[in-house]
Amino acid sequence: MDTSPVIIECAINGTSTKAKNPNVPISPEEIAADALACIEAGAALIHNHIDLRGVTEAEAAARYLEGWRPVLAARPDALIYPTLHFGTTISYDHLSVLADAGLRVGIADPGSVNLGGVDDAGAPRGAFVYANSFDTIAHAFALCREHQLGPSLAIYEPGFLRTTLAFQRVGLLPQGSMVKLYFSTEQGYMGAPFGLPPTVTALEAYLEMLGDDPLPWAVSVVGGDVCATEVARVALERGGHLHLGLEFYGGDRTPTNVELVTEAVALCASVGRPVATPDETAAILDLPKGRSDAG
């Protein structure tokens with residue numbers, strides 16, 4: 183049985199709204215307070231979105247820092263990172279500005295996937311293709327290497343992981359990378375499912391692809407409650423980590439992020455694994471930039 187520390191990542195908002203759950207943090211003040219509370223409860227990684235409509239990469243970085251500066255002032259060990267930038271095209275260039283402000287964890291989504299809702303009959307509908315070309319992925323990885331950021335890699339579909347491993351084989355995967363295996367319920371991210379379902383069989387398929395690769399990995403359930411699935415416990419028993427939070431939560435409750443983190447901590451304890459601190463997480467991921475040279 184694996185007894186190594188578990189990295190708990192909390193994605194605190196995403197596209198979730200207060201109409202869906204009044205506990206979703208939106209304002210910079212709410213983001214800062216929620217991030218600090220989640221770290222205190224046991225989360226080592228914090229991920230959040232902001233409203234990116236009509237803003238440049240530099241303006242986006244400034245808005246992120248409104249919520250992050252209080253966190254980093256109170257917890258210099260905090261590991262917090264943004265989403266990518268949606269303008270006329272998908273961009274990762276705001277990472278350059280945030281790296282200069284002390285960012286240690288980056289982001290790169292290594293693939294493309296259809297995301298959308300469903301019609302009245304339940305059939306998938308929508309024209310949005312979340313597209314990251316090979317060239318876009320290579321650029322995101324190059325930014326992370328240049329600015330010494332360990333990227334968090336969202337794996338929406340099996341092809342995302344194959345692309346990640348292909349970059350790794352030729353030495354272009356940035357130091358500090360971590361893959362997050364996204365399993366989708368029938369409601370997915372925006373109403374329609376994608377990728378693989380949250381089953382042990384699906385997890386085993388990903389683990390077969392990883393083989394004996396030491397790349398750190400976590401499990402997440404989009405449109406569900408990861409800690410309530412069999413996938414979470416099996417992942418912990420196999421040496422994996424946990425990704426959760428109100429960005430993806432789709433259960434029948436309206437929990438807080440702290441409640442979800444607390445439940446994850448209890449699950450880790452039940453399988454005999456301690457929870458990693460932010461500093462332990464930095465060591466597990468082998469993040470290239472230390473606190474002393476961050477910023």
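Using the numbering used here, the first residue of the sequence shown is number 183, and each one after it goes up by one. The beta carbon of each residue, even a glycine, is placed where N, CA and C say it ideally should be. Bear in mind the structure is a predicted one, so any value in this text is a computation, not a measurement.
Supposed close pair residue i, residue j - CB separation, criterion 8 angstroms
i    : j    : result
P456 : P210 : In fact, because the Cβ distance is near 32 angstroms, the residues do not count as touching under 8 angstroms.
L227 : L261 : 5 angstroms
G249 : A214 : 5 angstroms
V443 : A225 : 5 angstroms
R420 : L389 : 7 angstroms
P460 : D259 : 4 angstroms
A458 : I189 : 5 angstroms
Which of helix, strand or coil DSSP assigns to residue i
i    : result
V382 : helix
N296 : strand
I274 : Looking at the sequence shown, residue 274 is not Ile but Tyr. Coil.
A458 : coil
I208 : coil
R307 : strand
P356 : coil
I319 : helix
A283 : coil
E191 : strand
P333 : strand
F376 : coil
Y338 : coil
G288 : strand
L227 : strand
Cα-Cα separation, residue i to residue j
i    : j    : result
A448 : T463 : 18 angstroms
A309 : A374 : 12 angstroms
S278 : S198 : 26 angstroms
L193 : A303 : A small fix is needed here, since residue 193 is Ala in this sequence, not Leu. If you take the alpha carbons of A193 and A303, they lie about 31 angstroms apart.
H231 : Y263 : 9 angstroms
R257 : L218 : 8 angstroms
V300 : P470 : 42 angstroms
E222 : E445 : 14 angstroms
P514 : V352 : Because the chain here runs from 183 to 477, residue 514 falls outside it and cannot be looked at.
D216 : P252 : 11 angstroms
G433 : L234 : 27 angstroms
H425 : A290 : 16 angstroms
G422 : Y431 : 19 angstroms
L347 : S366 : 22 angstroms
V413 : L385 : 7 angstroms
E339 : M360 : 16 angstroms
C450 : A465 : 19 angstroms
A305 : G298 : 10 angstroms
P382 : P207 : Rather than Pro, the amino acid found at residue 382 in this sequence is Val. Each residue's Cα considered, the two are about 32 angstroms apart.
P320 : I337 : Rather than Pro, the amino acid found at residue 320 in this sequence is Ala. Whole-angstrom Cα-Cα distance: 16 angstroms.
R415 : G196 : 25 angstroms
Neighbour-count burial assignment, residue i, 16 or more Cβ in a 10 Å radius
i    : result
R286 : buried
P204 : exposed
G454 : exposed
P333 : buried
K202 : exposed
D468 : exposed
E368 : exposed
E191 : buried
P396 : exposed
M183 : exposed
L418 : buried
V403 : buried
A322 : buried
K362 : buried
L355 : buried
E429 : buried
A313 : exposed
G405 : buried
G393 : exposed
Of the residues the options, the one placed nearest residue i, counting alpha carbons only
i    : options                   : result
R307 : S315, D275, A320 and Y371 : Y371
P398 : L297, Q350, D434 and T271 : Q350
S273 : D317, G299, N296 and V295 : D317
R435 : R415, D407 and E429       : D407
L266 : C450, N296, L325 and I221 : L325
E212 : L392, N314, N439 and I466 : N439
V295 : V311, C450 and G422       : V311
H229 : G433, L335 and F365       : L335
A410 : G421, D394, R420 and G427 : G427
T238 : C220, L247, T270 and D259 : T270
A240 : V416, D275 and G196       : D275
A244 : G284, L297 and P207       : G284
M391 : I208, Y364 and G341       : G341
E328 : A313, Q357 and S315       : Q357
P292 : L247, G405 and Y364       : Y364
Q330 : G288, G236, A320 and I337 : G288
is_contact[residue i, chain D] using C-beta, thresh 8 angstroms
i    : result
H267 : No chain D appears in this structure, which consists of one protein chain only.
The ligand FMN heavy atom lying under 7 angstroms from the CB of residue i
i    : result
R351 : Absence of the ligand FMN is noted for the structure shown, with no ligands found whatsoever.
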